[in-house]
Amino acid sequence: MHNQGALCAPGVGGQAARWYRSHIGAPPQGRWMLMCLLVSIAISGSLGGPLAGTNFPFEPCIKTPGTSRFGVSFKNTSWDSRRRSTRVCLEFSVGPEEDCDAGALRCCQTGFNKFKFYPDPSCRRAITDIAYQTNSGRVIGVDSVYFENSGDRFIGKITTLAFTTANANGGVLCWSLVDPCPTLREFAHPATRDENLFEIALYDKKVDNYECCPLAAIQTFGTDAPPSPPPIPPSPPRGPARPPPIPRPSPPPPRSPPPPRRPPPSPRPSPPPRMSPSPRPLPPKPPPPPSPRPPAPSPLARPPPAGTRQPPPTRAPPSPRTPPPRSPPPRSPPASPPPRSPPPPTIWSQSPDGVLRPRPLSPAPQPSPLQSSAQVTQQSSTRQGLIEPVVSYTQDSRTYGIFISPEITFSDAAARCGRGGGFLATLLSAAEWSNLQSALGDSRLNMAPGDRLSVWIGVDPAAGSSTWLDGGAIRFWPMSSPSKQDGMCYTASCNFTAADDPTCSWDPLPCSSVAVQGFVCKTYTNVISYINAAPAQGKTYVYGTYAMYSGAAGNFCRRLGGYMAAYNSQEEFNMVISPFVNGNAPVPPSAINGYGRIVTWLGFGDQAATRWQDGSPVTFSRLDATGAPGCYVLNCPYGGTPGMCSWNLLQGCLRMCMFICELPGVHERGSGSTSLFT
Numbered sequence: 023m024h025n026q027g028a029l030c031a032p033g034v035g036g037q038a039a040r041w042y043r044s045h046i047g048a049p050p051q052g053r054w055m056l057m058c059l060l061v062s063i064a065i066s067g068s069l070g071g072p073l074a075g076t077n078f079p080f081e082p083c084i085k086t087p088g089t090s091r092f093g094v095s096f097k098n099t100s101w102d103s104r105r106r107s108t109r110v111c112l113e114f115s116v117g118p119e120e121d122c123d124a125g126a127l128r129c130c131q132t133g134f135n136k137f138k139f140y141p142d143p144s145c146r147r148a149i150t151d152i153a154y155q156t157n158s159g160r161v162i163g164v165d166s167v168y169f170e171n172s173g174d175r176f177i178g179k180i181t182t183l184a185f186t187t188a189n190a191n192g193g194v195l196c197w198s199l200v201d202p203c204p205t206l207r208e209f210a211h212p213a214t215r216d217e218n219l220f221e222i223a224l225y226d227k228k229v230d231n232y233e234c235c236p237l238a239a240i241q242t243f244g245t246d247a248p249p250s251p252p253p254i255p256p257s258p259p260r261g262p263a264r265p266p267p268i269p270r271p272s273p274p275p276p277r278s279p280p281p282p283r284r285p286p287p288s289p290r291p292s293p294p295p296r297m298s299p300s301p302r303p304l305p306p307k308p309p310p311p312p313s314p315r316p317p318a319p320s321p322l323a324r325p326p327p328a329g330t331r332q333p334p335p336t337r338a339p340p341s342p343r344t345p346p347p348r349s350p351p352p353r354s355p356p357a358s359p360p361p362r363s364p365p366p367p368t369i370w371s372q373s374p375d376g377v378l379r380p381r382p383l384s385p386a387p388q389p390s391p392l393q394s395s396a397q398v399t400q401q402s403s404t405r406q407g408l409i410e411p412v413v414s415y416t417q418d419s420r421t422y423g424i425f426i427s428p429e430i431t432f433s434d435a436a437a438r439c440g441r442g443g444g445f446l447a448t449l450l451s452a453a454e455w456s457n458l459q460s461a462l463g464d465s466r467l468n469m470a471p472g473d474r475l476s477v478w479i480g481v482d483p484a485a486g487s488s489t490w491l492d493g494g495a496i497r498f499w500p501m502s503s504p505s506k507q508d509g510m511c512y513t514a515s516c517n518f519t520a521a522d523d524p525t526c527s528w529d530p531l532p533c534s535s536v537a538v539q540g541f542v543c544k545t546y547t548n549v550i551s552y553i554n555a556a557p558a559q560g561k562t563y564v565y566g567t568y569a570m571y572s573g574a575a576g577n578f579c580r581r582l583g584g585y586m587a588a589y590n591s592q593e594e595f596n597m598v599i600s601p602f603v604n605g606n607a608p609v610p611p612s613a614i615n616g617y618g619r620i621v622t623w624l625g626f627g628d629q630a631a632t633r634w635q636d637g638s639p640v641t642f643s644r645l646d647a648t649g650a651p652g653c654y655v656l657n658c659p660y661g662g663t664p665g666m667c668s669w670n671l672l673q674g675c676l677r678m679c680m681f682i683c684e685l686p687g688v689h690e691r692g693s694g695s696t697s698l699f700t
């Protein structure tokens with residue numbers, strides 16, 4: 023639901039079902055009322071049950087769907103890693119009166135003065151700094167927060183609010199969450215936490231012995247702190263830190279004592295002592311006897327090329343046994359020094375799973391393994407840096423994510439953002455730039471110490487361009503930054519030498535430069551609904567939330583770094599279309615026509631439908647006809663199967679349809695609704 027919830031609640035199943043059918047073709051301004059119903063369907067599977075199966079708010083108030091004009095969505099959420107605190111802001115909207123039907127009840131005309139929510143009983147001390155603002159007033163602090171009941175019926179409420187249908191549209195309510203529940207997901211009641219939902223209700227004043235209390239279930243996806251990346255950076259240092267335990271060769275010395283014990287028996291028979299070499303061949307079979315010789319070869323094993331030194335050590339051991347100095351040399355080959363020479367070169371290095379493991383290598387390439395292991399660690403850390411941001415925050419319907427991935431190029435960073443349905447960050451105002459600077463300061467906590475941090479942003483490097491990569495015009499440029507240079511890519515760079523007053527600017531770099539520590543992605547969560555990672559195809563498919571004209575959809579896909587989806591086989595077609603028709607990919611009610619079908623653009627690159635927009639030839643198609651005007655669509659039943667889709671040639675191209683983009687590479691975080699990743 024893209025972190026958006028319409029305020030409503032399920033009523034009688036039959037009523038809700040009739041209401042749903044009557045609003046399938048509702049105009050855009052009326053769609054807000056459908057959102058709550060979709061939440062109900064997705065979670066409880068029934069139109070008659072509570073939003074999350076909890077019976078919240080546990081009292082008989084008026085919460086029938088369609089009886090309220092209020093809607094709610096996240097305005098922004100931000101995580102402060104220094105204070106371990108989340109700032110949550112909700113924005114209210116007011117729908118048109120004609121879309122509300124409360125019968126004889128007053129609920130379509132009333133405002134609300136109480137905000138109730140369903141928290142974890144152990145989190146009553148976590149909410150603080152509450153404030154609200156109407157669309158025509160100043161910011162007002164609120165001290166009145168109360169809690170009622172206990173256990174599964176424990177609820178909280180913020181009172182003395184002054185929202186009406188006239189001033190609530192664009193109004194905001196904010197609060198901060200601190201320990202012991204510093205994130206919205208932790209703050210949510212355990213009964214809804216696993217559903218990633220936070221239930222709320224808006225109450226008016228009781229009149230005529232009843233209250234209106236429209237409900238909403240806000241998704242908590244993306245509101246958690248990002249703790250997982252921090253452990254990644256420390257892992258590389260552990261590799262070099264533990265190699266010192268190379269004292270593996272040391273075990274042989276403890277075994278050296280046994281040989282002296284065997285010389286004593288030799289003195290018993292005076293002649294045999296010189297023949298004692300014969301008993302020595304027997305010890306070579308067990309590791310103890312050859313222990314005296316390993317010490318000498320072990321240093322040689324480290325510099326393997328010095329093979330010439332091997333003869334001297336063989337003569338050295340016989341020297342103490344002067345009587346038969348020549349006999350030992352023949353026995354030295356059978357002795358285990360040769361087999362033991364391989365063990366010394368074993369190198370201890372940190373494996374990708376963080377465990378210190380021996381790596382047996384030939385003596386000659388001994389130095390190279392250390393370098394290769396460092397390279398592997400760096401590559402692993404770089405790949406890890408592409409999985410999820412170390413800091414993310416949301417403003418309006420835009421989510422920003424800061425990825426720490428040292429030495430990544432501009433094109434690779436842009437491709438990673440595209441696979442997530444976003445772009446390298448655009449900064450349209452001084453306020454957006456200020457928010458990013460603050461977040462960059464937080465992201466340094468997940469990095470090795472350093473005075474400077476540079477991350478790629480989405481300035482289009484094309485000559486003569488004055489736009490961002492998403493196509494928007496550049497209307498803001500920091501005064502402290504050098505003028506824009508054609509052909510150069512840009513970073514947001516901050517010098518943190520002066521911790522209290524860091525200086526930040528937009529700095530030009532060659533697009534091939536790797537003198538950066540990461541990049542910033544910006545995702546419009548209301549434009550993209552679903553990410554489908556397909557390792558078998560080596561691609562990622564990005565699903566649009568809204569209908570677009572064919573040209574606009576193709577242009578959007580190209581700006582992400584790909585094209586409209588091409589279907590090269592029955593298997594690929596089934597895999598891509600299934601989420602759309604089976605409901606895994608969220609589909610707005612407005613996209614389902616009166617016949618219960620979804621119409622989606624096909625990405626052919628010519629009127630004859632012989633090639634796809636990515637230039638590849640068409641090897642799979644179900645078209646019955648081709649030709650002018652060259653606009654083709656899929657017509658699929660919602661709730662059906664890919665095999666039930668028809669491929670059609672349109673009579674005209676001036677039509678808005680859903681779209682799917684394909685991009686090279688596999689999304690690092692797998693498949694799922696974009697609300698899971700933002």
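Plus 22 on top of the position in the sequence shown (first one is 1) and you've got my numbering. All C-beta atoms in this analysis are idealised placements derived from N, C-alpha and C, irrespective of residue type, glycine included. Remember, predicted model here, so these are calculated numbers, not experimental data.
{"Item": "Candidates N596, P236, V538: closest to N554 by CA position", "Value": "N596"}
{"Item": "Cβ-Cβ distance between F169 and I177 below 9 Å", "Value": "yes"}
{"Item": "Assigned secondary structure, I682 (DSSP; H/G/I helix, E/B strand, else coil)", "Value": "strand"}
{"Item": "Contact under 9 Å by Cβ, C543 with L462", "Value": "no"}
{"Item": "Exposure label - Y140; buried when at least 16 CB within 10 Å", "Value": "buried"}
{"Item": "Backbone CA spacing between A647 and F681 [nearest angstrom]", "Value": "21 Å"}
{"Item": "Start-to-end residues for the beta strand (DSSP E) that takes in C111", "Value": "107–116"}
{"Item": "Closest Cα partner of A556 within the set K136, F578, C683, F432", "Value": "C683"}
{"Item": "Beta-bridge pairing of F78 - partner residues as DSSP gives them", "Value": "F78 pairs with nothing; no bridge assigned."}
{"Item": "Helix, strand or coil at V200 [DSSP, three-state]", "Value": "coil"}
{"Item": "Inter-residue CB distance, I409 and R691 (contact presumed, cutoff 8 Å)", "Value": "6 Å"}
{"Item": "Own chain, CB closer than 6 Å to Y565, minus 5 neighbours either side, in chain order", "Value": "S551, Y552, A607, I682"}
{"Item": "Buried or exposed by the 16-neighbour rule on C-beta atoms within 10 Å, applied to A28", "Value": "The pLDDT assigned to A28 is 37, lower than 50, so where the model puts this residue is not dependable; a value taken from the coordinates is nonetheless given after this. A28 should be labelled buried."}
{"Item": "Every unbroken beta strand (DSSP E) inside the region 507–536 [3 residues or more]", "Value": "511–517, 525–531"}
{"Item": "Endpoints, alpha helix (DSSP H) assigned at D434", "Value": "432–441"}
{"Item": "Extent of the continuous alpha helix (DSSP H) to which N577 belongs", "Value": "572–582"}
{"Item": "Extent of the continuous alpha helix (DSSP H) run through I222", "Value": "I222 -> not in any alpha helix (DSSP H); beta strand (DSSP E) instead, spanning 219–225."}
{"Item": "Inter-residue CB distance, A575 and W634 (contact presumed, cutoff 8 Å)", "Value": "14 Å between Cβ atoms; not a contact."}
{"Item": "Start and end residues, beta strand (DSSP E) containing V655", "Value": "654–659"}
{"Item": "Three-state class that DSSP yields for F186 in the structure shown", "Value": "According to the sequence as given, residue 186 is Thr; it is not Phe. Note: T186 maps to coil in three-state DSSP."}
{"Item": "Coil, strand or helix - M666 by DSSP", "Value": "helix"}
{"Item": "Which of helix, strand or coil DSSP assigns to I479", "Value": "coil"}
{"Item": "Beta strand (DSSP E) segment containing L237, residue limits", "Value": "237–241"}
{"Item": "Proximity winner among A514, V688, S695, S643, relative to L671 (alpha-carbon distances)", "Value": "S643"}
{"Item": "Under the three-state DSSP convention, the category V598 falls into", "Value": "helix"}
{"Item": "8 Å CB neighbourhood of T99 in its chain, flanking five on each side removed", "Value": "T108, R109, V110, C111, L206, G244, T245, Y415, T416"}
{"Item": "Cα-Cα separation, V688 to A558", "Value": "9 Å"}
{"Item": "Bridge-paired residues (DSSP) for E170", "Value": "I177"}
{"Item": "Range covered by the beta strand (DSSP E) that runs through T99", "Value": "92–102"}
{"Item": "V413 vs D464 beta-carbon contact at 9 Å", "Value": "yes"}
{"Item": "Assigned exposure category for S300 - 16 Cβ within 10 Å defines buried", "Value": "Annotation note: pLDDT 40 at S300 (below 50); position unreliable, coordinate value reported separately. Flag for S300 reads exposed."}
{"Item": "Minimum Cβ-Cβ distance from S502 to chain B less than 9 Å", "Value": "Protein chains in the displayed structure number just one, and chain B is not present."}
{"Item": "Straight-line gap, G223 to R175 (C-alpha atoms, nearest Å)", "Value": "Gly is not the amino acid found at residue 223; the sequence shown has Ala there. One C-alpha to the other measures close to 14 Å."}
{"Item": "Cβ pair count under 8 Å reaching 3, the region 618–632 against the region 651–660", "Value": "yes"}
{"Item": "For G687, the three-state DSSP class (helix, strand or coil)", "Value": "coil"}
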